[in-house]
Amino acid sequence: MTRVPLERKVLSENDRLAADLREGFERHGTWCVNLISSPGSGKTALLERTLALFEPQRRVAVLTGDIQTDNDAQRLARYGFPVRQICTAGACHLDARMVSRALAEWPLKSIDLLFIENVGNLVCPTSYDLGEESRVVLLSVTEGEDKPLKYPATFHRADLVVLNKVDLLPYVPFRIDLARENVRRVQPGAAILEVSCTSGAGLDAWRKWIETHTAAKANQ
Amino acid sequence: MLDAVEAESLRLGARVVAVGVKIGELSGVDPESLRFCFEVLTRNTEWATMALEIEPLPWRNRCRQCGETFTVVEYRTECPRCGSDGTEMAGGNELEFAYMEIEEQ
Chain Z
1 MTRVPLERKV LSENDRLAAD LREGFERHGT WCVNLISSPG SGKTALLERT LALFEPQRRV
61 AVLTGDIQTD NDAQRLARYG FPVRQICTAG ACHLDARMVS RALAEWPLKS IDLLFIENVG
121 NLVCPTSYDL GEESRVVLLS VTEGEDKPLK YPATFHRADL VVLNKVDLLP YVPFRIDLAR
181 ENVRRVQPGA AILEVSCTSG AGLDAWRKWI ETHTAAKANQ
Chain S
221 MLDAVEAESL RLGARVVAVG VKIGELSGVD PESLRFCFEV LTRNTEWATM ALEIEPLPWR
281 NRCRQCGETF TVVEYRTECP RCGSDGTEMA GGNELEFAYM EIEEQ
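Taken in order, these protein sequences are the chains called Z and S.
Taking our numbering, I'd label the letters of the first sequence as residues 1 to 220.
Taking our numbering, I'd label the letters of the second sequence as residues 221 to 325.
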């Protein structure tokens, strides 16, 4: 019997496509942000509030992933920016091929900022590189403070963690300091913002985070 | 995964007896679930007797200050050597074929 070494990633095909995407984003100066969270943490609501803040000439686009329905795309399309729904028909995450296909008809050179709203899931999306430059993970205060510890792979690769629905803090037993501490344990380098898409609290800081990154990108 | 096994076995003209994979703690893949799927997919096929050998790998980080690579235990990502919290993932997200055991025909 002979042992043949392979040393090949099972997801090597995804990584190859993600590298192509990343190269395209870099070449066209597109800042790509991958939003990951559990279902119902407020990814779409945050994007709605974000698009509402932008001037009509802002070169922003959104890809939004769901297993079924184009409800999110319909919600997001109201703001006048290019939005496309990716229906995964069962898959619990977006992969690089789906993103490549969805972007095929969009000229990247006309997009400075691309949000990719992943399928609501804290497990699988983290394994699939989409070529993004930044990862934002949302955690809402109606969930457990220990989510970062339960899903360390996802939180460990977050550039920013948004603690959403802070308007509900008086009504739920969520300890926000503990949540911050748990984020820091698995990802000391992540920025943390407290946001409410309902009351608007923290949206200024979120916008500042976006503008800082887009300005840095424009100066590259 | 089985596509890759098939491609390799055709290329080498050999029967695959076992396939070895590395699974990191943070890969999102549960070894028992993978084993279950593997058994279901290979049942009553030419791969039915093929063994799946799984090497689990822990979460490792590397310190950007002193270069130390260490295993992350209990989510402690700070460097055990110099105490810096500027560390980055150095492993633990693997989902890789490591090897195949083949029998020449």
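Ideal Cβ positions, reconstructed from N, Cα and C, are used throughout, including at glycine.
query	result
Which residues of chain S have a Cβ atom closer than 9 Å to the Cβ of Z:Val123, listed in chain order?	Gly248
Strictly under 8 Å for the Cβ-Cβ distance: is Z:Val10 near chain S by that measure?	yes
Do the stretch 90-104 of chain Z and the stretch 121-139 of chain Z make contact, defined as three or more Cβ pairs closer than 8 Å?	yes
Going by the beta-carbon positions, is the gap between Z:Leu160 and Z:Ala190 smaller than 8 Å?	yes
What residue from Z:Cys92, Z:Leu76 and Z:Pro82 has the CA that sits closest to S:Gly248's CA?	Z:Cys92
In whole angstroms, give me the CA-to-CA distance for Z:Val137 and Z:Leu35.	6 Å
Would you mind stating whether Z:Lys109 and Z:His28 have Cβ atoms separated by less than 8 Å?	yes
By the 9 Å beta-carbon criterion, what residues does the stretch 181-192 of chain Z contribute toward chain S?	Asn182, Arg184, Arg185, Val186, Gln187, Pro188 and Gly189
Taking C-beta pairs closer than 7 Å, name the residues in chain Z that S:Asp305 reaches, listed in chain order.	Pro188
Do Z:Leu94 and Z:Val123 have their CB atoms nearer than 8 Å?	no
So what does DSSP say about Z:Arg78, is it helix, strand or coil?	coil
Which residues bound the beta strand (DSSP E) around Z:Asp15?	That residue, Z:Asp15, is in no beta strand (DSSP E); its alpha helix (DSSP H) goes Ser12 to His28.
The alpha helix (DSSP H) that contains Z:Thr212, what's its start and end?	Leu203 to Ala218
Can you give the Cα-Cα distance for Z:Trp209 and Z:Asn164, rounded to whole angstroms?	15 Å
Taking CB distances under 8 Å as the criterion, tell me whether Z:Glu7 reaches chain A.	Reference to chain A is not applicable here, since the protein chains of this structure are Z and S.
Under three-state DSSP, which class holds Z:Arg49?	helix
From Z:Gly80 to Z:Pro56, what does the alpha carbon distance come to, in whole angstroms?	7 Å
Tell me, please, which residues DSSP counts as bridged to S:Val239.	S:Leu272 and S:Met320
Could you run through the stretch 107-140 of chain Z and flag, in chain order, every residue whose CB is less than 7 Å away from some CB of chain S?	Val123, Cys124, Thr126 and Ser127
For the stretch 168-184 of chain Z and the stretch 280-294 of chain S, state whether three or more C-beta atom pairs, one from each stretch, are separated by less than 8 Å.	no
Taking the beta carbon of S:Asp250 as the centre, do at least 16 other beta carbons fall within 10 Å, making it buried, or is it exposed?	exposed
DSSP three-state call for Z:Asn182: helix, strand or coil?	helix
At the level of alpha carbons, what is the spacing between S:Gly244 and Z:Gly144?	25 Å
Label Z:Thr244 either buried or exposed according to how many other C-beta atoms from any shown protein chain fall within 10 Å of its C-beta, with 16 as the threshold for buried.	One cannot answer for residue 244 of chain Z here, as it falls past the ends of chain Z, which runs 1 to 220.
Can you list the residues of chain S that Z:Met1 reaches, using a CB-CB cut of under 9 Å?	Val237, Ala238, Glu321, Ile322, Glu323 and Glu324
Does the distance from the CB of S:Gly312 to the CB of S:Arg280 come in under 8 Å?	yes
I believe S:Met320 touches S:Val236 by the beta-carbon criterion, under 8 Å. Please report the beta-carbon distance rounded to the nearest angstrom.	5 Å
Where does Z:Ser199 land, buried or exposed, given buried means 16+ other C-beta within 10 angstroms?	exposed
Name the chain S residues whose beta carbon is nearer than 7 Å to that of Z:Ala153?	Leu246, Gly248 and Asn313
Quick one: what's Z:Ser140 bridged to in DSSP?	Z:Asn164
Touch check for the stretch 269-283 of chain S and the stretch 296-313 of chain S: three-plus C-beta pairs under 8 Å?	yes
Pick out whichever of S:Gly287, S:Ala318 and S:Ser229 has its Cα sitting closest to the Cα of S:Trp267.	S:Ser229
Classify Z:Glu211: buried if its beta carbon has 16 or more other beta carbons within 10 angstroms, exposed otherwise.	exposed
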